[in-house]
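Beneath this line is the structure, given in structure tokens, with notes to follow.
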Amino acid sequence: MSLVQWTSFPPLGDERGSLVALESGKTIPFPIERVYYLFGTVSGQSRGFHAHRILQQVAVCVTGRCRMVLDNGEQREEVWLDSPTKGLLIGNMVWREMHDFTSDCVLLVLASQHYDEADYIRNYEDFLRNVKNG
Ligand code: TYD
Numbered sequence: 313m314s315l316v317q318w319t320s321f322p323p324l325g326d327e328r329g330s331l332v333a334l335e336s337g338k339t340i341p342f343p344i345e346r347v348y349y350l351f352g353t354v355s356g357q358s359r360g361f362h363a364h365r366i367l368q369q370v371a372v373c374v375t376g377r378c379r380m381v382l383d384n385g386e387q388r389e390e391v392w393l394d395s396p397t398k399g400l401l402i403g404n405m406v407w408r409e410m411h412d413f414t415s416d417c418v419l420l421v422l423a424s425q426h427y428d429e430a431d432y433i434r435n436y437e438d439f440l441r442n443v444k445n446g
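Offset between the sequence shown (1-based) and the working numbering: plus 312.
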């Protein structure tokens with residue numbers, strides 16, 4: 313099964329412009345406990361390089377684009393986030409890296425838990441060990 317799973321956000325636009333609403337249990341498959349966004353990412357700077365033990369996330373580029381690499385320890389896939397109407401589902405125990413941010417990129421992330429540094433795995437070898445040991 314592909315690691316790349318999208319959730320579509322139907323635009324509720326009219327002649328004035330577009331609008332997207334995100335709702336838990338509808339387009340977002342978990343109760344939203346936290347929202348954060350990355351912006352002003354320095355040109356050439358990559359981010360991420362971690363996995364989460366239990367956290368689930370949906371990432372959407374509301375403007376601009378970036379390249380997301382997902383890796384579950386067995387397969388690695390990459391995808392461009394470049395649409396405000398498409399969210400990328402990122403499950404727990406998935407290593408993620410974000411590259412090639414455009415200067416206008418605003419990457420919005422919806423998360424299933426509050427921030428908890430103990431939920432992070434920031435070392436790739438530790439991540440592979442955790443995947444192997446279930
Ligand atoms: P980090 O998760 O390392 O960013 P990225 O994976 O996008 O490169 O977070 C950067 C810093 O911000 C780090 O010191 C932790 C802090 N942080 C919070 O305090 N709350 C949050 O919700 C997030 C995502 C990060």
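Beta carbons: idealized from backbone N, C-alpha and C, even for Gly.
Every value quoted in this text rests on a predicted model; they were computed, and no experiment measured them.
Spatially closest choice to residue i from the options, by CA coordinates
i: Lys-398; options: Tyr-349, Asn-445, Val-374; result: Val-374
i: His-426; options: Thr-339, Lys-444, Pro-343; result: Pro-343
i: Tyr-436; options: Asp-383, Glu-335, Ala-430, Asp-412; result: Asp-383
i: Cys-417; options: Thr-353, Val-443, Ser-424; result: Thr-353
C-beta contact flag for residue i and residue j at 8 Å
i: Met-405; j: Gly-360; result: no
i: Leu-401; j: Leu-393; result: no
i: Asp-431; j: Ile-366; result: yes
i: Met-380; j: Val-370; result: no
i: Leu-315; j: Cys-378; result: no
i: Ile-433; j: Ala-333; result: no
Opposing strand residues paired with residue i [DSSP bridges]
i: Ile-433; result: Ala-363
i: Cys-417; result: Answer by DSSP bridge pairing: none, since Cys-417 is not bridged.
Subject >> Any heavy atom of the ligand TYD within less than 6 Å of residue CB: hits in chain order >> reply: Arg-346, Tyr-348, Leu-350, Arg-359, Gly-360, His-362, Tyr-427
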